[in-house]
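Here is the structure we will look at, set down as C-alpha cells.
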Amino acid sequence: MIRSLTLAALLGAIAPAALAATWSDSFLGYRWGTQFREPNNTQDVRKHVLQFTHASGYATGQNFVNLDVLQSDKNDPLSGGGSGATEFYLTYRHQLHLGKLLDKDLSFGPVKEVAFTGGFDLNTKNTRFAPRKRLVVAGPTLKFDVPGFLDVSLLAGKEWNHCGLGSPACPEAEVGFDPQLILSVSWGIPFQAASLPMKFQGFLNYNTAKGRDYAKVKTEAETLMRTSLMVDVGQLAGSRKNTLLAGVGYELWLNKFGNHANAAGVTKPGINTRTPTLQLEWHF
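Going letter by letter, the sequence shown gives residues 115 to 398 in this note's numbering.
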C-alpha cells in the first residue's frame, strides 16, 4: 500500500508539473546525524537519510512531495533484531492560490497571496512497533513576500496509526486519534554572505494534542523543526546555480509523535531529539 500511494503521490506531483509547470525543482538529498532519539529508547541513534523532493507550480497553485528513507543503526533495531530499522516517510501537499483562482488581489501587509492547502502523510517502519501512520490535513496558508518563500499554514489534521506490540503495551493495535491543529511554517530564503551564495531553509510544525494513544494515555503537544544552512558549492565551482548544495542542519523534535508519559505518569525516555546534521542536495 505504501509503495502504491508513494507512486501515486510522485506521479500526482510530477505529471501536472510536466504538463503545465510555470516552475519546478527536484532534488535528491542526504542527511546524517548521530543523536536521533526514539520513544522508550534510552540510546542515541545514528541515522542515514536519503531524500527525494519535488516542488512545482502552475497557473493557480503548486505541488510539494517529499519521501524520506531513514536507516537507523543497531540502537534502533528492526523487528527481530540484528540490524537497524528502515523507515519510509512520505509527505504530499497541494496548494490552491485563491487570489489567482478568483482573479483577485488578496495581498495585505507582507502577505502576497492566500492559499488553501491539503495533503497527507504516510509512513511505515519495520520495528516491533510497526507504525503505519496515515495523516490527512487541510487549511489556509499565508504566503509572504520574501526572497525565496515563507509559508505559514494553520491546518486541521486527523491521524490513524498502528501499534504491533500487543497487550499490555498496546491494548488497541489500530487507533484513530482525535482531530488536531497543526501550525506549520516552511521557508527557503536565499542570500549572499560576502562571496558565498547561501540558503536558509527548513520547516517548523507545532501539533496540538490528539487525544489518547494506544495505551489510553493522553498525548501532548508536539514540536518538530528541521532547518539547515546550505552553501551553493556548485555555483562556487563555476557550475549552474542551485545544482549542488552542502551544509549543516539541526533537528529539534519534542514529544515525538505526541508521546510524553506512560500510564503510571512517568516521563518516557527518547521522546526529545536534538541533533545536528550534515546535508547534501543535488538538484535537477
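Heads up, the beta-carbon is just placed ideally off N, CA and C, and yes, glycines get one too.
If you're wondering where the values come from, they're calculated on a predicted model, not measured in any experiment.
Residue i, DSSP secondary structure in three states
i, result
"V251", "strand"
"K214", "helix"
"K355", "coil"
"F243", "coil"
"F291", "coil"
"M115", "Residue confidence is low: M115 scores 49 on pLDDT, short of 50, so the model does not pin down where it sits. Its coordinate-derived value is still stated next. M115: coil per DSSP, three-state reduction."
"A131", "Here A131 scores only 45 on pLDDT, less than 50, and its place in the model should not be relied on; the value that follows carries that caveat. If DSSP states are grouped into helix, strand and coil, A131 belongs with the helices."
Residue range of the beta strand (DSSP E) that includes residue i
i, result
"G233", "V225 to K239"
"Y328", "It is not in any beta strand (DSSP E) - Y328 carries neither H nor E in the DSSP assignment."
"N275", "F263 to H276"
"I385", "From DSSP, I385 is part of no beta strand (DSSP E); its letter is neither H nor E."
"Q157", "Neither: Q157 is in no beta strand (DSSP E) and is coded neither H nor E."
"A307", "Q294 to A307"
"T136", "Note, T136: premise wrong, no beta strand (DSSP E); not H, not E."
"V260", "V260 -> no beta strand (DSSP E), and no H or E assigned at all."
"F413", "Any property of residue 413 remains undetermined from this structure, which presents the chain solely from 115 to 398."
"F314", "L310 to N321"
Test item: CB-CB of residue i and residue j under 7 Å
i, j, result
"N356", "E336", "no"
"G171", "W137", "yes"
"G325", "D292", "yes"
"V376", "K382", "Per the sequence shown, the amino acid found at residue 376 is Asn instead of Val. For N376 and K382, yes; Cβs fall inside 7 Å."
"L184", "K161", "yes"
Cα-Cα separation between residue i and residue j, rounded to whole angstroms
i, j, result
"Q294", "Q349", "42 Å"
"Q209", "A378", "43 Å"
"R246", "T167", "21 Å"
"F314", "G361", "10 Å"
"A329", "C284", "5 Å"
"D190", "G196", "10 Å"
"G194", "N155", "16 Å"
"N275", "V251", "15 Å"
"H211", "V380", "46 Å"
Supposed close pair residue i, residue j - CB separation, criterion 8 Å
i, j, result
"K239", "E273", "About 15 Å separates the two Cβ atoms, so there is no contact after all."
"A173", "S186", "Actually they are not in contact, since the Cβ atoms of A173 and S186 sit about 42 Å apart, beyond 8 Å."
"N180", "T205", "5 Å"
"G290", "F243", "With 8 Å as the limit, G290 and F243 do not qualify as a contact, their Cβ atoms being about 17 Å apart."
"F230", "P254", "6 Å"
Residue span of the alpha helix (DSSP H) that contains residue i, given as start and end
i, result
"G348", "V347 to L350"
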